[in-house]
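Engineer:
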Amino acid sequence: MLRFHNTLTGQLEEFRPMREGEAAFYYCGPTVWDFGHIGNFRSAIAADVLRRYLKFKGYKVTHVMNITDVEDRIIAKSQEAKLSIDEYTAKYIAALWEDADALGLERPDIVPRATRHIPEMVELIEKLLQNNHAYKSDGSIYYRISSFPDYGKLSKINFAGNIVGGSERIKTDKYEKEDARDFALWKEPASETEPAWDAAIGRGRPGWHIECSAMSMKYLGETFDIHMGGVDLIFPHHENEIAQSEGATGKRFVRYWLHIEHLKVEGETMSKSKGNYYTFRDLAAKGYSPLGLRYFLLSVPYRKQLNFTFDAVRGAEKTVESLRDFQARLSEAKPEAGMNEELHEATMRALAEFEAGMDDDLNTSVALAAVHNLTREVNTALARRRLRADNQRELLDLIKRFDSVLNIFGDEQRQMVDSEVQTLIDERQEARRRREFARGDEIRDQLAQRGIILEDTKDGVRWKRR
Ligand code: AMP
Ligand code: ZN
């Protein structure tokens with residue numbers, strides 16, 4: 007039985023999707039004003055593991071990840087660079103996919119961009135204006151929090167006593183609001199040059215929160231299964247999404263709220279504003295492997311904080327290498343026919359442990375422990391020549407199944423980083439020099455299997471990815 011910790015109820019709950027056999031979720035994706043840091047990728051990997059495990063369990067999955075491509079920093083940066091929003095964000099969106107591919111993330115099924123959904127946001131704001139959950143002030147539009155008594159139900163923040171009377175006007179920055187807690191749904195442009203859209207509600211641009219309400223409901227319906235994001239989003243972002251969506255539809259918005267704990271550096275959240283961050287690119291340039299990073303980032307259950315250290319990433323790389331070695335040794339073994347019953351039982355036990363761990367709110371460390379226990383048993387069996395052909399087949403299949411969720415063994419070509427390719431090419435050249443042509447061909451085939459094509463030219467070996 008698959009269970010999730012639901013932030014809304016504070017309970018571990020059995021997952022019962024709205025539609026039998028189908029699971030839909032929305033993950034609050036990146037703001038593309040800069041390269042993503044590996045804290046962002048911890049969250050994206052958690053969403054990827056959720057997606058993959060739902061598929062493992064047999065669900066038909068719809069995974070939506072938004073791209074926030076209009077907000078204050080993007081506007082400021084694009085204006086500085088004298089570029090349009092689209093021109094400015096194109097670079098970071100391209101980088102996002104490169105990083106995501108390298109880290110073994112499956113592409114979400116739907117990736118809506120905020121700037122492409124302005125009419126949907128306007129429509130939602132119109133509804134909120136009609137039913138008194140929103141009001142206009144100075145050309146901007148705000149959500150009236152006092153109109154939504156459930157406000158605070160997700161974050162459990164008690165706002166009683168904090169409410170400022172509706173008649174009292176508060177001037178914060180350039181905005182005029184009825185209540186300090188009220189938040190902007192639609193912002194009047196501060197200047198002529200600021201990007202803005204013409205709409206029946208006035209010329210302006212959307213606030214950040216309305217974007218996720220409008221896009222999630224467009225693709226997943228007014229009520230949907232799972233909403234996921236980092237813990238920093240519980241308040242105010244997700245609290246505001248609930249107020250907007252439920253205010254507009256009168257229906258429950260999301261059934262399971264899942265929040266990912268942060269990646270920390272020396273006890274502090276990794277973030278751009280703190281300056282204590284590494285992008286994936288920074289680490290790849292220092293020679294860290296994407297596979298090792300992915301392992302590190304998913305080695306701890308998503309609801310536990312994870313501390314970043316270079317040693318920990320190096321450790322994860324070693325672990326991944328040993329797993330890959332193990333898989334190679336297992337597939338290269340030439341066992342006798344038959345099945346060793348004891349090893350068969352150990353294999354089934356590993357599957358049960360893996361599934362029990364993942365069913366328990368996606369506990370990846372239990373799942374990984376199941377993988378490591380199994381490798382230990384198989385290593386012993388290999389050393390004692392107890393592996394049989396049926397075991398070999400069953401084990402290789404099981405590793406594939408595990409990897410359909412974890413994606414750490416690195417079968418796919420993406421995991422072949424340039425330096426690995428070069429090492430193998432050097433080894434092949436060396437073999438050929440020693441006239442060990444069979445070995446040379448073996449290396450060529452091995453590379454081909456992983457999507458690397460070699461070309462022998464008079465200037466040496468060139469290679470490319472298929
Ligand atoms: P952003 O690009 O800031 O909108 O964030 C994209 C995603 O990364 C959101 O789901 C955030 O909650 C998440 N996030 C931001 N910082 C961290 C961190 N240090 N660790 C884990 N997730 C984070
Ligand atoms: Zn969001």
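Numbering (the working numbering), first residue to last: 7 to 472. Ideal Cβ positions, reconstructed from N, Cα and C, are used throughout, including at glycine.
(1) Does the segment 370 to 387 touch the segment 428 to 442, meaning 3 or more C-beta pairs lie closer than 8 Å?
(2) Indicate whether I4 and Y301 have their beta-carbon atoms separated by less than 8 Å.
(3) Given this structure, state the Cα-to-Cα distance separating R399 from N346, to the nearest angstrom.
(4) Quick check: the segment 304 to 319 against the segment 250 to 269, are at least 3 beta-carbon pairs closer than 8 Å?
(5) Output the boundary residues of the alpha helix (DSSP H) element that contains I73.
(6) What number of angstroms, rounded off, separates the C-alpha of L289 from the C-alpha of A140?
(7) Does at least one heavy atom of ligand 1 sit under 7 Å from the Cβ of C34?
(8) When you measure from the CB of D107 to every non-hydrogen atom of ligand 1, does any distance come out below 7 Å?
(9) Could you pull out every residue in the same chain whose Cβ sits closer than 6 Å to the Cβ of A30, ignoring the five residues on either side in sequence?
(10) If you draw a straight line from the alpha carbon of Y98 to that of T386, how long is it in whole angstroms?
(11) Since I believe N246 is in contact with H215 (beta carbons under 8 Å), could you give me their beta-carbon distance rounded to a whole number of angstroms?
(12) Pull the bridge partners of A30 from the DSSP assignment, please.
(13) Could you pull the start and end residues of the alpha helix (DSSP H) that E400 belongs to?
(14) Could you give the distance in angstroms between the alpha-carbon of E433 and the alpha-carbon of W469?
(15) Any contact of the segment 351 to 371 with the segment 51 to 62, i.e. 3+ C-beta pairs under 8 Å?
(16) Buried or exposed, going by whether 16 or more other CB atoms sit within 10 Å of the CB of I80?
(17) Would DSSP call Q311 helix, strand or coil?
(18) For T15 and V38, which I take to be in contact (beta-carbon distance under 8 Å), what is that distance rounded to the nearest angstrom?
(19) At what residues does the beta strand (DSSP E) containing N12 begin and finish?
(20) Report yes if the CB atom of F41 is closer than 8 Å to the CB atom of A100, and no otherwise.
(21) Based on the DSSP output, what are the partners of K278 in its beta bridges?
(22) Check whether the segment 122 to 134 and the segment 204 to 224 touch, using three or more Cβ-Cβ pairs below 8 Å as the test.
(23) Hey, how far is the Cα of L393 from the Cα of S337?
Structural biologist: Once the coordinates are examined:
(1) no
(2) Outside the displayed range of the chain (7 to 472) lies residue 4, so it cannot be described from this structure.
(3) Residue 399 sits at position 393 when you count from the first residue of the sequence shown. Residue 346 sits at position 340 when you count from the first residue of the sequence shown. Distance between the alpha carbons of R399 and N346: 12 Å.
(4) yes
(5) Sequence index remark: in the sequence shown, residue 73 carries index 67 (1-based). Counting along the chain, I73 falls outside any alpha helix (DSSP H), and DSSP gives it neither H nor E.
(6) Taking the first residue of the sequence shown as position 1, residue 289 is located at position 283. Taking the first residue of the sequence shown as position 1, residue 140 is located at position 134. L289 and A140: Cα-Cα distance of roughly 45 Å.
(7) Residue numbering aside, residue 34 sits at position 28 when the sequence shown is read from its first letter. True, at least one ligand heavy atom lies under 7 Å from that Cβ.
(8) Along the sequence shown, read from residue 1 onward, the residue named residue 107 stands at position 101. No, the beta carbon of D107 sits no closer than 7 Å to any heavy atom of ligand 1.
(9) Residue numbering aside, residue 30 sits at position 24 when the sequence shown is read from its first letter. Correct list, in chain order: T68, L226, F230, D231.
(10) As a first step, residue 98 is located in the sequence shown; it is residue number 92 there, counting from the start. As a first step, residue 386 is located in the sequence shown; it is residue number 380 there, counting from the start. For Y98 and T386, the distance between alpha carbons rounds to 48 Å.
(11) The residue you call residue 215 lines up with position 209 of the sequence shown. The residue you call residue 246 lines up with position 240 of the sequence shown. With 8 Å as the limit, H215 and N246 qualify as a contact, their Cβ atoms being about 4 Å apart.
(12) Position 24 of the sequence shown, counting from 1, holds the residue named residue 30. T68, per the DSSP bridge assignment.
(13) On the sequence shown, position 394 is the one that residue 400 refers to. Looking at the DSSP string, the run of the alpha helix (DSSP H) that includes E400 is 395 to 412.
(14) On the sequence shown, residue 433 is found 427 positions in, with the first residue counted as 1. On the sequence shown, residue 469 is found 463 positions in, with the first residue counted as 1. Near 14 Å, if we compare the C-alpha coordinates of W469 and E433.
(15) yes
(16) Along the sequence shown, read from residue 1 onward, the residue named residue 80 stands at position 74. Buried, since its Cβ has 16 or more Cβ neighbours within 10 Å.
(17) Residue numbering aside, residue 311 sits at position 305 when the sequence shown is read from its first letter. Residue state, collapsed to three classes: coil.
(18) As a position in the sequence shown, residue 15 is number 9, starting the count at 1. As a position in the sequence shown, residue 38 is number 32, starting the count at 1. Incorrect: roughly 33 Å between the Cβ atoms, too far for contact.
(19) Working through the sequence shown from its first residue, we reach residue 12 at position 6. Start and end: 9 to 12.
(20) What you label residue 41 is simply residue 35 of the sequence shown in a count that begins at 1. What you label residue 100 is simply residue 94 of the sequence shown in a count that begins at 1. Contact flag unset, no.
(21) Taking the sequence shown and counting its residues from 1, one reaches residue 278 at position 272. K278 pairs with nothing; no bridge assigned.
(22) yes
(23) In the sequence shown, the residue the question calls residue 393 occupies position 387. In the sequence shown, the residue the question calls residue 337 occupies position 331. Between L393 and S337, the C-alpha separation is close to 11 Å.
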